[in-house]
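Below is one structure, written out as structure tokens; comments come after it.
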Amino acid sequence: MSLIVFAGAAQFAAVGYVANGLAWPGVILLTALLNARHLLYSAALAPSLKSIPAPRRALMAHVLTDEAFALSVGHFSRIGRTDERGYWIAAIGSTWIPWNVATLAGVTIGGQIPDPARFGLDVVFPAAMIGLAVGLVAGRRELVAACSGAVVAVASSLAFGPGIGIIAGGLAGPLVAMAVPGAAPRLATHDDATGLP
Amino acid sequence: MSVDLVVLAVFMGLVTYPSRALPLLAPGIERLPRVATEYLRLVGPAVLTALAAVNVMVVTPEGGTPVFHVGIEWLAVAVCAALTAWRRNLLIGLAGAVVIVAVARALGVASLPV
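Protein chains in written order, with the numbering used here: chain A, 644 to 840; chain B, 21 to 134.
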């Protein structure tokens with residue numbers, strides 16, 4: 644699943660769905676809903692990657708994740724141009740390889756860790772998401788998009804479920820932010836927050 | 021390993037790939053109006069914080085409806101954001117978040133996730 648789907652949130656959710664006996668059509672539909680946010684990432688990256696040949700863009704799409712998106716957008720912003728090599732490093736080197744190695748390790752030796760939550764490992768995912776978001780906030784508009792996206796997502800999740808809530812937050816946050824007068828987008832002048840080269 | 025689960029993973033991959041690929045492969049994407057590109061630029065912070073917020077604030081019990089959750093994870097995520105912004109290093113932020121949750125749970129002042 645890590646090789647084929649390569650989408651952490653959907654994979655975690657799928658484990659719960661399967662464990663609870665949800666029928667396949669339900670699992671597939673919920674996966675599609677949860678991963679629909681990639682549509683936003685893909686659309687956001689498309690203008691930057693338009694000069695890359697279509698077959699390579701098709702491959703790039705498969706490894707587009709939350710982390711790859713945040714790392715590459717931050718990187719493009721920092722250097723002021725598109726960098727295909729940077730995208731591959733973010734998507735493959737920083738995400739795809741570690742994710743699959745960790746999946747393999749989890750399958751083979753994970754059972755020996757009695758309770759990962761006891762060590763706080765369950766907080767890594769949300770903490771990583773917020774840390775990556777920090778790296779993308781370069782002004783008032785991004786901050787408003789981030790805060791309003793979170794508020795809308797939580798409210799929508801409570802009403803309709805997390806799959807819909809996350810997409811609602813991702814769609815509504817930028818809309819709210821666009822209503823805020825903001826400075827012209829500026830390129831980050833400092834190192835990005837990822838600690839990556 | 022169950023072959024059934026591999027087939028399920030293939031279907032999950034099939035419904036995931038189009039959302040990743042369609043905009044990247046769509047012709048004319050570079051001719052989007054300025055307002056659209058500005059909107060798309062803001063999607064990242066919004067989706068990432070949405071993911072984080074839902075993950076720590078919404079819990080869905082087995083077979084139940086989503087409920088609002090208050091816990092040590094809030095503090096951990098806030099500390100991660102602050103450390104990452106301050107030190108410009110995500111790894112330090114993650115380490116801070118994990119330590120807070122692990123210590124709080126070891127001391128018995130925070131519960132394990134549902």
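Note that CB positions come from ideal geometry on N, CA and C, so glycine has one too.
Given the structure is predicted, the values throughout are model-derived calculations rather than measurements.
What number of angstroms, rounded off, separates the C-alpha of residue i from the C-alpha of residue j?
i, j, result
"P769(A)", "V76(B)", "7 Å"
"P53(B)", "Y59(B)", "10 Å"
"R61(B)", "L45(B)", "18 Å"
"G867(A)", "A679(A)", "In this structure chain A extends from 644 to 840, so residue 867(A) is not present and cannot be described."
"I120(B)", "S694(A)", "45 Å"
"V797(A)", "S791(A)", "10 Å"
"I846(A)", "L28(B)", "This structure does not reach residue 846(A), given that chain A is present from 644 up to 840, and the question cannot be answered."
"Q654(A)", "R107(B)", "31 Å"
"G83(B)", "P690(A)", "42 Å"
"M772(A)", "S715(A)", "14 Å"
"T57(B)", "H681(A)", "16 Å"
"D24(B)", "R783(A)", "48 Å"
So is residue i in contact with chain B if we call contact Cβ pairs under 9 Å?
i, result
"V661(A)", "yes"
"I809(A)", "yes"
"H718(A)", "no"
"D765(A)", "yes"
"G736(A)", "no"
"R784(A)", "yes"
"V777(A)", "yes"
"A745(A)", "no"
"P757(A)", "no"
"P690(A)", "yes"
"P824(A)", "no"
"W667(A)", "yes"
What residue range is occupied by the uninterrupted alpha helix (DSSP H) comprising residue i?
i, result
"E82(B)", "No alpha helix (DSSP H) contains E82(B), which DSSP labels as neither H nor E."
"W137(B)", "Since the displayed chain B opens at 21 and closes at 134, residue 137(B) lies outside it and no answer follows."
"I120(B)", "L110 to A126"
"D709(A)", "D709 to I722"
"W590(A)", "Any question about residue 590(A) goes unanswered here, given that chain A covers just 644 to 840."
"T40(B)", "Before going on, a small fix: residue 40(B) reads as Arg here, not Thr. Unbroken alpha helix (DSSP H) run through R40(B): V23 to L45."
"T57(B)", "R54 to M77"
"I773(A)", "V767 to L779"
"A697(A)", "A697 to H705"
"T674(A)", "W667 to N678"
"R761(A)", "That residue, R761(A), is in no alpha helix (DSSP H); it is neither H nor E in DSSP."
"R728(A)", "E727 to W731"
Let me check you understand the geometry: is the CB of residue i closer than 8 Å to at least one non-hydrogen atom of the ligand NAP?
i, result
"V750(A)", "Judged by which ligands are present, the structure shown has none, so any question about the ligand NAP falls away."
Would you say residue i faces chain A, with C-beta separation under 9 Å as the test?
i, result
"L42(B)", "yes"
"G136(B)", "Residue 136(B) cannot be examined here, being either before or after the span of chain B that is shown, 21 to 134."
"P133(B)", "yes"
"V90(B)", "no"
"V35(B)", "yes"
"V118(B)", "yes"
"P53(B)", "no"
"V23(B)", "no"
"M32(B)", "yes"
Mapping the DSSP letters down to three states, classify residue i as helix, strand or coil.
i, result
"F88(B)", "strand"
"V823(A)", "coil"
"S737(A)", "helix"
"L646(A)", "coil"
"G812(A)", "helix"
"V795(A)", "helix"
"A652(A)", "helix"
"G782(A)", "coil"
"V661(A)", "helix"
"S685(A)", "helix"
Quick one: list the residues of chain E neighbouring residue i, beta-carbon separation under 8 Å, in chain order.
i, result
"D709(A)", "Of the protein chains in this structure, namely A and B, none is chain E."
Query raised in the report: Taking three-plus beta-carbon pairs below 8 Å as touching, is the region 815 to 822 of chain A in contact with the region 65 to 82 of chain B?
Result: The answer is yes - the region 65 to 82 of chain B touches the region 815 to 822 of chain A, with three or more Cβ pairs under 8 Å.
Query raised in the report: Between the region 731 to 751 of chain A and the region 763 to 782 of chain A, do at least 3 Cβ pairs fall closer than 8 Å?
Result: Cβ pair count under 8 Å is below three, so no.
Query raised in the report: For the 8 Å Cβ check, are there 3 or more pairs between the region 728 to 739 of chain A and the region 92 to 105 of chain B?
Result: In short, these stretches do not touch, since the Cβ pair count stays below three.
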